[in-house]
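Encoded as structure tokens, the structure appears first; notes follow it.
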Amino acid sequence: MTTLQEQFEKKFPDKRVGVLIAFFRDENNKFTSYDLDLGEYEKVGIDLISVDFLNQLPNPERLEKLEIYNNNIQPTDIEIFRKFVNLEVLKIGTEREVLSQGKRNRFYGSLKSFQNLTKLKNIFIEATDINEGLEYLPESLIKESKRMGAYSIECSTNDTDAKCKAIQDQLIPFNYDLEAWQLVNNQYPNLTKHIQELSQKITEIKQELQQTKSQEIEKDKKIKILSKETDNLKKEKKTELEQLKKLLKSKLEEKFHDELDALLDANEEYIKNDNNFAKRQFERSKKKLIEKGNLDEQEVVNVCEIQKELVKLAVGIENQLEAKIEIN
């Protein structure tokens with residue numbers, strides 16, 4: 002029966018030093034042994050649900066690049082990678098597109114397992130359950146990040162409930178600068194927590210400001226609507242007042258026209274300022290128009306009520322608008 006080693010040698014006869022593992026599906030192969038030496042191969046592949054075969058590799062120190070991301074690997078502690086001391090690239094997470102297919106690598110554990118991987122330049126742990134150990138990552142990751150001007154740790158949750166969110170949340174306040182994070186946490190162990198809390202508070206304040214802005218926009222819309230309604234009502238009342246004045250003057254002798262104007266002027270002043278002098282003037286004009294001008298008292302009351310409504314619309318517009326907005 003064909004062994005795993007024999008199958009790989011048949012499939013990949015062109016052996017090269019420097020290992021890249023990029024796994025793909027090969028459903029037809031049924032191997033009877035995990036006795037596999039990858040030391041001289043550039044590419045090998047399987048669609049993975051387990052990485053137990055890594056424990057059987059006789060030359061783990063020769064592995065420089067391990068890419069087993071975008072598979073469906075069942076929960077596995079990342080301590081399994083501890084022996085690959087010359088790894089430069091380790092990609093074990095799952096990208097968003099693959100997650101949508103129902104696949105996910107479920108690695109978990111602490112980054113302390115990578116403490117002795119002193120040549121690491123990039124790690125990809127997106128959507129995994131690796132949730133602690135940033136302080137143990139080697140300096141090589143920092144150097145590579147500076148050299149490339151890019152992040153050396155890819156740890157997004159890709160909109161899942163993955164526990165790597167704990168890693169991401171710690172790095173976000175430092176703009177994913179591992180060196181800055183380690184410097185702060187080595188000297189001030191509790192500072193990161195405070196920074197995270199502060200960052201969360203800033204996010205909440207931004208959301209509140211956005212909500213307030215939306216409320217202000219809505220308030221402005223209401224004010225414009227109410228202003229338009231009020232303007233229309235003022236025009237109606239003003240027209241009604243002018244028509245009623247014209248009707249009353251048609252009943253009065255011309256010598257009483259000025260008295261009607263004086264009545265309305267006094268009424269407006271009294272409504273606006275609660276002026277006692279204006280009140281007395283109003284009463285005098287009212288009495289004169291009824292007794293000598295032969296106007297009906299109800300006619301005088303009606304024209305004064307219309308004017309009162311018009312003046313209140315003009316004087317109290319601001320307060321009325323604010324009151325209506327608060328009620329709504």
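If you count by my numbering, then the sequence shown holds residues 2 to 329, one letter each, in order. Beta carbons: idealized from backbone N, C-alpha and C, even for Gly. Note that the structure is a prediction, hence the values are computed from the model and not measured.
Closest by C-alpha distance to residue i, when choosing among the options
i	options	result
N268	H258, Q169, R281, E300	R281
Q308	K256, R105, E237	E237
L138	L121, I74, F85, D162	L121
I173	R148, T204, D162, K144	T204
L179	E136, Q201, N71	E136
I74	L210, E65, F54	F54
R83	E254, N56, W182	N56
V304	Y271, L248, E209, Q216	L248
I93	S215, N87, I154	I154
K288	E306, L264, E270, F278	L264
K256	K239, F278, S286, E270	S286
Q244	L118, E300, Q208, S215	E300
T158	T240, E98, D232	E98
L118	K246, I206, K214, E140	E140
D259	D275, K147, F283	F283
D130	C156, S215, Q212	C156
Q302	L100, K246, E270	Position check: residue 302 holds Val in this sequence, whereas Gln was assumed. When only C-alpha atoms are compared, the closest one is K246.
Which of helix, strand or coil DSSP assigns to residue i
i	result
K122	coil
L253	coil
E269	helix
V52	coil
E96	coil
Y152	coil
Y137	helix
Q163	Gln is not the amino acid found at residue 163; the sequence shown has Ala there. A163: coil per DSSP, three-state reduction.
R281	helix
Q183	helix
D27	Its pLDDT being 35, under 50, D27 is placed unreliably by the model, and the measurement read from it follows with that caveat. Note: D27 maps to coil in three-state DSSP.
D275	coil
R17	Because R17 carries a pLDDT of 38, less than 50, the predicted location of this residue cannot be relied on, and the following value inherits that uncertainty. If DSSP states are grouped into helix, strand and coil, R17 belongs with coil.
Q299	helix
E310	helix
L58	coil
N233	helix
K202	helix
D262	helix
F85	coil
A315	helix
K214	helix
Q208	helix
K289	helix
G40	Annotation note: pLDDT 49 at G40 (below 50); position unreliable, no value reported.
S101	coil
F116	Note that residue 116 is Gln in the sequence shown, not Phe. Coil, per DSSP.
D178	coil
Y35	Bear in mind that a pLDDT of 39 at Y35, under 50, signals an unreliable position, so the model cannot answer this.
Beta-carbon gap between residue i and residue j smaller than 8 Å
i	j	result
K273	L261	no
Y109	D78	yes
L112	L91	no
L49	N72	yes
I124	C165	no
P61	R107	no
V86	I69	no
G294	L227	no
E80	S114	yes
Beta-bridge partners of residue i, as assigned by DSSP
i	result
I131	G110
T158	For T158, which the question treats as bridged, DSSP gives no partner whatsoever.
V304	In DSSP, V304 forms no bridge with anything.
V90	K66, N123
D78	Y109
Sequence-distant residues of the same chain with beta carbon closer than 6 Å to residue i, five excluded per side
i	result
L296	L290
E230	none
L210	none
N132	K164, A167
Y152	Y177
Q169	C156
D266	none
K104	N73
Close beta carbons around residue i, own chain, < 8 Å, minus the five adjacent residues each side
i	result
K235	L311, L314, A315
L184	none
Chain-order list of residues whose beta-carbon lies under 7 Å from that of residue i (same chain, five-residue window excluded)
i	result
E89	E65, K66, K120, L121, K122
E298	I291
E241	I307
K239	L311
N29	With a pLDDT of 41 at N29, under the threshold of 50, the predicted position of this residue should be treated as unreliable, though the coordinate-derived value follows. No residues qualify anywhere along the chain.
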